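> Have a look at the structure that comes next, please.
There are 2 protein chains.
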Amino acid sequence: MAKRIRLGLVGIGKIARDQHLPALAADDRFELAATASRSPHQVDGVPGHGSIEEMIAAGHDLDAVPLCTPPQGRHQLAAAAIEAGLHVMMEKPPAATLSEVEDLARRAEAKGVVLYTSWHSRAAAGVEPAREWLAGKQVTGLRITWKEDIRRWHPGQEWILGPGGFGVFDPGINALSIATHILPQELFVTEAALRTPENRHAPIAASLKLRTGGADGSFELDFLQTGPQTWDIEVDTDGGTLKLHEGGSKLALPGEEPRAAENREYPNLYAHFAELVAARRSDVDVRPLRLVADAMLVASHERAEAFTF
Amino acid sequence: MAKRIRLGLVGIGKIARDQHLPALAADDRFELAATASRSPHQVDGVPGHGSIEEMIAAGHDLDAVPLCTPPQGRHQLAAAAIEAGLHVMMEKPPAATLSEVEDLARRAEAKGVVLYTSWHSRAAAGVEPAREWLAGKQVTGLRITWKEDIRRWHPGQEWILGPGGFGVFDPGINALSIATHILPQELFVTEAALRTPENRHAPIAASLKLRTGGADGSFELDFLQTGPQTWDIEVDTDGGTLKLHEGGSKLALPGEEPRAAENREYPNLYAHFAELVAARRSDVDVRPLRLVADAMLVASHERAEAFTF
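Chains as they are written, first to last, in the numbering used here: chain S, 138 to 446; chain R, 138 to 446.
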């Protein structure tokens with residue numbers, strides 16, 4: 138067996154504990170050699186450090202760094218890792234701004250290390266089959282509906298409605314990561330009506346008009362959806378309508394029984410990262426973040442009533 | 138002499154009449170062979186059409202198309218021109234969204250035609266000398282001040298404060314086009330406080346924090362500046378402070394007399410376009426637009442009082 142990839146994981150918050158650590162524990166291509174976190178969190182039996190600089194300086198013979206911190210500040214962390222010759226895997230969205238991502242891509246290429254901007258929803262079970270089915274088809278319509286309850290999924294996370302917090306686009310960018318991956322033609326935002334609570338800076342609901350391959354589409358986002366939660370993408374084509382439900386995990390093709398499969402998003406991400414590292418190949422795709430930025434560029438703004446968690 | 142480049146100019150508004158037509162009249166590398174405009178405007182002695190499709194179909198043996206329409210809708214116009222095998226020069230900002238520009242770059246490359254996303258302020262007299270002076274220097278500070286009177290420069294242009302109108306970033310993107318061109322390191326937006334009139338969708342003033350090569354910077358924008366107008370970029374370096382005033386036309390270097398030169402922005406743009414066409418080389422730079430989008434991504438929002446022209 139090849140030498141294991143020695144990881145220094147940065148940021149031990151909810152996403153690291155819920156997803157990254159279990160995925161890593163089950164994948165023998167990786168070895169968690171160290172962690173860094175500004176919080177007092179540590180992983181049992183793994184050396185912990187208070188900063189990425191300290192972790193790098195401690196000499197754990199690291200190969201790669203998954204970044205599980207919030208997007209603000211990730212540019213600096215990734216730049217430090219790249220400078221130290223380490224491969225980098227980034228949670229979504231990869232950074233706070235597009236210019237930061239482009240800069241990291243340049244730095245990684247110059248240094249000869251792998252940069253992987255991961256989009257976990259793309260690793261959901263229905264996504265690759267959806268992409269294969271859509272290849273070569275003519276898209277005639279597109280409806281994306283992404284409605285979830287902020288209080289249930291982001292309890293008390295004030296930053297998400299603050300500057301740079303993306304608001305309802307924090308989940309919505311997952312839909313865009315799937316759509317840009319499965320659609321056979323480029324996706325554009327042509328209009329965006331954003332609703333922002335009068336006491337917040339990021340939108341809590343949005344209604345976008347999309348365009349792809351000559352067809353119109355819609356993208357409805359709501360962060361105040363109680364009851365049933367909706368993460369649906371429906372694509373009309375010359376071969377019928379494809380339906381991708383439950384965030385990409387459940388696929389229904391015309392004339393076929395719906396398929397659902399076990400959620401293996403993060404194991405899939407790490408499997409892909411292992412392949413990228415073996416091949417010394419980067420995988421940087423800014424399109425989901427670019428579409429959010431595009432929505433901001435063309436946005437009309439409405440005020441919504443004040444929001445408190 | 139080489140064959141003249143036969144142009145079909147699209148969009149006969151203020152910028153075409155004030156800048157493009159005089160620059161073209163003085164440049165014998167170009168020949169204005171046709172125009173297209175949805176408005177009744179025409180150019181004396183030049184065949185006019187109501188749409189780009191009609192102009193292309195009329196068979197004027199065109200080589201290239203300058204697009205002088207507003208950015209919304211330019212993607213479709215440029216795509217039509219590229220599809221017809223014509224080179225394209227675009228006014229700033231090149232399109233309404235980043236995804237549209239990326240798409241056009243791909244289409245132009247696939248079709249083997251030249252795409253030029255022009256940034257007229259980069260052609261101001263002080264810009265190239267500023268770039269040369271800054272090359273290799275360590276930047277230690279950056280101050281950009283862009284304050285002008287919307288009522289004076291954009292009288293009655295309601296769209297500029299509407300969705301996709303960019304607001305104060307319509308002039309502000311000129312500063313970013315200069316800054317990205319002259320600075321020796323990448324430029325980032327880290328914070329952006331936007332002030333939007335309660336009856337409008339685009340900001341009328343903004344205060345940004347910037348970062349380049351480890352140095353902090355500021356970018357102050359105001360669209361309500363009466364009296365003296367300010368378009369200044371000051372860059373502190375290890376070799377002293379560079380001052381670029383009057384929108385890039387006036388350069389002051391440490392220990393030297395300020396230099397000012399005749400405004401030849403548009404003649405310079407067309408000279409560059411002629412070179413690009415001769416070399417079959419595209420010049421696509423999205424950075425100024427990307428930085429505006431980045432500002433929108435990290436923005437905090439304040440309401441300003443209602444604005445009427």
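Glycine residues also receive a C-beta, built at the ideal position from the N, C-alpha and C atoms.
None of the values given here were measured: they were computed from a predicted structure.
Taking the alpha-carbon positions, what's the PRO231(S) to GLU285(R) distance?
Here residue 231(S) refers to the residue found at position 94 when the first sequence is read from its first residue. Here residue 285(R) refers to the residue found at position 148 when the second sequence is read from its first residue. Spanning the two alpha carbons is a distance of roughly 36 Å.
> Could you tell me whether any Cβ in chain R is nearer than 8 Å to the Cβ of SER236(S)?
Translated into positions along the first sequence, residue 236(S) becomes position 99. Taking Cβ atoms only, chain R reaches closer than 8 Å to SER236(S), which makes this a yes.
> In chain S, what lies closer than 8 Å to LEU279(R) by C-beta?
As a position in the second sequence, residue 279(R) is number 142, starting the count at 1. Per Cβ cutoff of 8 Å: no residues; LEU279(R) is ~15 Å from chain S at best.
> Please check if any C-beta of chain R sits within less than 8 Å of the C-beta of HIS338(S).
Mapped onto the first sequence, residue 338(S) falls at position 201. Interface residue, yes.
> Excluding the 5 residues preceding and the 5 following LEU146(S) in the sequence, name in chain order all residues of the same chain whose CB lies nearer than 7 Å to its CB.
Working through the first sequence from its first residue, we reach residue 146(S) at position 9. Closer than 7 Å at the Cβ level, and outside the excluded window around LEU146(S), lie ALA153, HIS157, LEU169, THR172, PRO203, CYS205.
> Near ARG440(R), which residues of its chain fall below 8 Å by C-beta distance, leaving aside the five closest residues on each side in sequence?
On the second sequence, position 303 is the one that residue 440(R) refers to. Excluding sequence neighbours, ARG440(R) sits near ARG332, THR333, PRO334, GLU335.
> Return the CA-CA distance between LYS346(S) and ARG401(R), expressed in angstroms with no decimal places.
Here residue 346(S) refers to the residue found at position 209 when the first sequence is read from its first residue. Here residue 401(R) refers to the residue found at position 264 when the second sequence is read from its first residue. The straight-line gap from Cα to Cα measures roughly 40 Å.
> Using 8 Å for Cβ pairs, my map puts LEU388(S) next to GLY263(S). What's the rounded Cβ distance?
By one-based count along the first sequence, residue 388(S) stands at place 251. By one-based count along the first sequence, residue 263(S) stands at place 126. Yes, they are in contact, since the Cβ atoms of LEU388(S) and GLY263(S) sit about 3 Å apart, within 8 Å.
> Below 7 Å CB to CB, which residues in the same chain sit around HIS257(S) once its five sequence neighbours on both sides are set aside?
Your numbering for residue 257(S) matches position 120 in the first sequence. If we look at HIS257(S) and ignore the five residues flanking it on each side, its Cβ neighbours are LYS229, GLU402, TYR403, LEU406.
> Closer than 7 Å, Cβ to Cβ, to anything on chain C: give me those residues from the stretch 430 to 444 of chain S, in chain order.
The structure shown has no chain C; the protein chains it does contain are S and R.
> Taking the CB atoms as reference points, tell me whether GLY148(R) and SER188(R) lie closer together than 8 Å.
Within the second sequence, the letter at position 11 stands for residue 148(R). Within the second sequence, the letter at position 51 stands for residue 188(R). In this structure, SER188(R) does not lie closer than 8 Å to GLY148(R) by Cβ.
> How long is the line joining the alpha carbons of PHE303(S) and ARG424(S), rounded to whole angstroms?
Position 166 of the first sequence, counted from the start, is the residue given in the question as residue 303(S). Position 287 of the first sequence, counted from the start, is the residue given in the question as residue 424(S). Taking the straight line from one Cα to the other gives about 15 Å.
> Would you please verify whether the beta carbon of PRO231(R) is less than 8 Å from any beta carbon of chain S?
As a position in the second sequence, residue 231(R) is number 94, starting the count at 1. Closer than 8 Å: no.
> At which residues does the beta strand (DSSP E) containing GLU371(S) begin and terminate?
Here the question's residue 371(S) lines up with position 234 in the first sequence. Element bounds for GLU371(S): 367 to 374.
> Assuming HIS338(R) contacts SER176(S) under a Cβ cut-off of 8 Å, what Cβ separation, rounded to an integer in Å, is found between them?
Within the second sequence, numbered from 1, the residue matching residue 338(R) stands at position 201. Within the first sequence, numbered from 1, the residue matching residue 176(S) stands at position 39. The pair is not a contact, with the Cβ atoms about 39 Å apart (cut-off 8 Å).
> Is there a Cβ from chain R that is less than 8 Å from the Cβ of THR378(S)?
Within the first sequence, residue 378(S) is the residue found at index 241, counting from 1. Taking Cβ atoms only, chain R never reaches closer than 8 Å to THR378(S), which makes this a no.
> Does the CB of ASP240(R) have a neighbour CB from chain S at under 8 Å?
The residue given as residue 240(R) occupies position 103 in the second sequence. Output row for ASP240(R): interface = yes.
> Just to confirm the assignment: which complete beta strand (DSSP E) runs, minimum length 3, are found wholly within the stretch 336 to 369 of chain R?
Listed in chain order, the complete beta strand (DSSP E) runs (minimum 3 residues) inside the stretch 336 to 369 of chain R are 342 to 349, 352 to 359.
> By Cβ distance, which residues of its chain are closer than 7 Å to GLU190(S), with the 5 residues on each side in sequence left out?
Stepping through the first sequence from its first residue, residue 190(S) is reached at position 53. Correct list, in chain order: ALA217.
> Measure from the alpha carbon of ARG141(R) to the alpha carbon of each residue in ASP165(R), LEU223(R), SER236(R), then state which is nearest.
Along the second sequence, one-based indexing puts residue 141(R) at 4. Of the candidates ASP165(R), LEU223(R), SER236(R), the one whose C-alpha sits nearest the C-alpha of ARG141(R) is ASP165(R).
> Closest by CA to PRO292(S), which one among LEU361(S), SER314(S), ASP181(S)?
Counting from one through the first sequence, the residue named residue 292(S) turns up at place 155. Among LEU361(S), SER314(S), ASP181(S), the Cα nearest to that of PRO292(S) belongs to LEU361(S).
> Using a threshold of 8 Å, state whether the C-beta atoms of VAL421(S) and VAL238(S) are closer than that.
Looking up residue 421(S) in the first sequence gives position 284. Looking up residue 238(S) in the first sequence gives position 101. Yes, the pair counts as a contact, with Cβ atoms nearer than the cut-off.
> Any beta carbon of chain R sitting closer than 8 Å to that of LEU428(S)?
What you label residue 428(S) is simply residue 291 of the first sequence in a count that begins at 1. Judged by the 8 Å Cβ criterion, LEU428(S) is in contact with chain R.
> DSSP on LYS151(S), reduced to helix/strand/coil?
Here residue 151(S) corresponds to residue number 14 of the first sequence, with the count starting at 1. LYS151(S): helix per DSSP, three-state reduction.
> Between PHE356(S) and chain R, is the shortest Cβ-Cβ distance under 8 Å, so that the two count as touching?
In the first sequence, the residue the question calls residue 356(S) occupies position 219. No, no contact with chain R.
> Is the stretch 370 to 383 of chain R touching the stretch 265 to 279 of chain R, taking contact as three or more C-beta pairs under 8 Å?
The stretch 370 to 383 of chain R is in contact with the stretch 265 to 279 of chain R.
> How would you call HIS224(R), buried or exposed, if buried means at least 16 neighbouring beta carbons within 10 angstroms?
Locating residue 224(R) in the second sequence gives position 87, where the first residue counts as 1. HIS224(R) should be labelled buried.
> Per DSSP, what are the beta-bridge partners of ALA329(S) in this structure?
Within the first sequence, numbered from 1, the residue matching residue 329(S) stands at position 192. In the DSSP output, where bridge partners are listed per residue, ALA329(S) has LEU345(S), ALA436(S).
> Given a threshold of 16 other Cβ atoms within 10 Å of its Cβ, counted over all protein chains shown, does THR234(R) qualify as buried or as exposed?
Residue numbering aside, residue 234(R) sits at position 97 when the second sequence is read from its first letter. Its Cβ being crowded by 16 or more others within 10 Å, THR234(R) is buried.
> Run through chain R and tell me which residues come within less than 8 Å of PHE360(S), C-beta to C-beta.
Working through the first sequence from its first residue, we reach residue 360(S) at position 223. Neighbours of PHE360(S) on chain R: none; closest Cβ ~17 Å, over 8 Å.
> What residues in the stretch 312 to 326 of chain S bring their beta carbon closer than 9 Å to a beta carbon of chain R?
For the stretch 312 to 326 of chain S, which is checked against every Cβ of chain R, the residues closer than 9 Å are GLU323, LEU324, PHE325, VAL326.
> Return no unless some Cβ of chain S is closer than 8 Å to the Cβ of PRO308(R).
In the second sequence, the residue the question calls residue 308(R) occupies position 171. Not closer than 8 Å to any Cβ of chain S, the Cβ of PRO308(R) fails to qualify, so no.
> Give, in chain order, every residue of the stretch 281 to 304 of chain S whose Cβ lies closer than 9 Å to some Cβ of chain R.
So the close ones are GLY299, PRO300, GLY301, PHE303.
> Between which two residues does the alpha helix (DSSP H) holding ALA410(R) run?
As a position in the second sequence, residue 410(R) is number 273, starting the count at 1. One point to set straight first is that residue 410(R) is Phe, not Ala, in the sequence displayed. Counting along the chain, the alpha helix (DSSP H) containing PHE410(R) begins and ends at 402 to 416.
> Helix, strand or coil for ALA272(R)? Go by DSSP, reduced to three states.
Start at 1 with the first residue of the second sequence, and residue 272(R) comes out as number 135. Of the three classes helix, strand and coil, the one that applies to ALA272(R) here is coil, per DSSP.
> Helix, strand or coil: which one does DSSP assign to GLY377(S)?
On the first sequence, position 240 is the one that residue 377(S) refers to. Strand.
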